[in-house]
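Just so we're aligned: 58 in this note's numbering is position 64 of the sequence shown, and the numbers increase by one with no gaps anywhere.
Just so you know, even glycine gets a beta-carbon here, dropped at the ideal spot from N, CA and C.
Working notes for the structure below.
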Amino acid sequence: MITKKILATALFALTSSFAFAAGGPEVKIVGTEASRVDAESLQRGARLFVNHCLNCHSAQFMRYNRLTDIKLTEDQIKQNLMFTTDKIGETMKSAISPKDAKEWFGAVPPDLSVMARSYTSERLAAYMRGFYRDDNRETGWNNIISPNIGMPHVLGELSGTQTMLQTVFKADGKDVKTDHDAETRARAAFIAAQTMSSFEHHVEKKDGKTEHSYIVKTLVPATDGKMTPQQYDIAIADLVNFMEFVAEPHKAKRIQIGILVMFLLTILLAAAIWLKKEYWKDVT
-5 MITKKILATA LFALTSSFAF AAGGPEVKIV GTEASRVDAE SLQRGARLFV NHCLNCHSAQ
55 FMRYNRLTDI KLTEDQIKQN LMFTTDKIGE TMKSAISPKD AKEWFGAVPP DLSVMARSYT
115 SERLAAYMRG FYRDDNRETG WNNIISPNIG MPHVLGELSG TQTMLQTVFK ADGKDVKTDH
175 DAETRARAAF IAAQTMSSFE HHVEKKDGKT EHSYIVKTLV PATDGKMTPQ QYDIAIADLV
235 NFMEFVAEPH KAKRIQIGIL VMFLLTILLA AAIWLKKEYW KDVT
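So, in structure tokens, the structure goes:
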């Protein structure tokens, strides 16, 4: 029998990485980031974007010839990244027609040109890591960041599959529901520090009493993909990096100019202070 004190300690250990909030899940986001000035990262991200995202989504505010900004030649762009057009000045349109997309998916997949400006890079990366198998969904997939989304896991071949481990605790110290056996729960607890998990705190009133339920959801690896988890993290960082470039192509250059301007202003400030001291040094 688990005592209330032991349960409280266990819940604290499980939820120490989460913010407590009643009524909705708090998701732990983990992963890596890539530098906006890393041309190789942007090139790898462009390859992933064109091969996996551009099949259904478009980026119609980005032209292929702008990819020369990430140190690609026009020949490299034409030979490796252009599959929907043969004109390098064209925008990045999806391979699927909007009519077919609406018929197959129920809605036209959104344009990704400014998606990185609408959502943080951390949330985009977490979304791409948050897919898990769900037989109750038509696509066979669900997502811990965007539950019940209609998009399948297009990178599932690379990442492998995950399943959702869900455990519900009541405040009286009883484990009232588990979706997996004790061995799987132990495995989930072991990998919780490296994977995304969510924590929900539900409050219900029954017979004049307030009952608290705590739901811990963890993504558990089920099958391996072509990439290791570390390689997949890097791939997602590259993909999000490229999506940020698509959303704001001049951002890196603006940052570089801003740093240069601040450096010049610092020099001017030092010169102004020196001139002030020189001008007033003989004034008594």
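query: DSSP state of asparagine 343, grouped into three classes?; result: With the chain running from -5 to 278 in the structure shown, residue 343 is simply not present.
query: Do you know offhand how far threonine 133's Cα is from methionine 145's?; result: 7 angstroms
query: Output needed for alanine 241: all residues of its chain with C-beta closer than 8 angstroms, excluding positions within five of it in sequence on either side, in chain order.; result: Ser107, Val108, Met109, Ala110 and Arg111
query: If we require 3 or more residues per run, which beta strand (DSSP E) segments fall completely within the segment 42 to 105?; result: 53 to 57
query: How many Å lie between isoleucine 138 and valine 162 at the Cα?; result: 16 angstroms
query: Looking only at DSSP bridge pairs, what is tyrosine 126 linked to?; result: Asn136
query: Is the beta carbon of tyrosine 126 sitting closer than 8 angstroms to the one on methionine 158?; result: yes
query: Helix, strand or coil, according to DSSP, for leucine 149 in the structure here?; result: coil
query: Contact defined as beta carbons within less than 8 angstroms: I believe tyrosine 226 pairs with leucine 152. What is the distance between those atoms, to the nearest angstrom?; result: 6 angstroms
query: Keeping to the same chain, check which residues put their C-beta closer than 8 angstroms to that of methionine 56; ignore five residues upstream and five downstream.; result: Thr85, Met86, Ser107, Val240 and Pro243
query: With respect to the alpha helix (DSSP H) encompassing isoleucine 267, which residues constitute its N-terminal and C-terminal limits?; result: 245 to 274
query: Which residues share a DSSP beta bridge with glutamine 156?; result: Pro215
query: Within 10 Å of its beta-carbon, does glutamine 156 have 16 or more other beta-carbons around it, so buried, or fewer, so exposed?; result: buried
query: Note down, in chain order, each residue of its chain lying with its Cβ closer than 8 angstroms to the Cβ of alanine 40, except the 5 sequence neighbours on either side.; result: Leu61, Ile64, Leu66, Leu75 and Phe236
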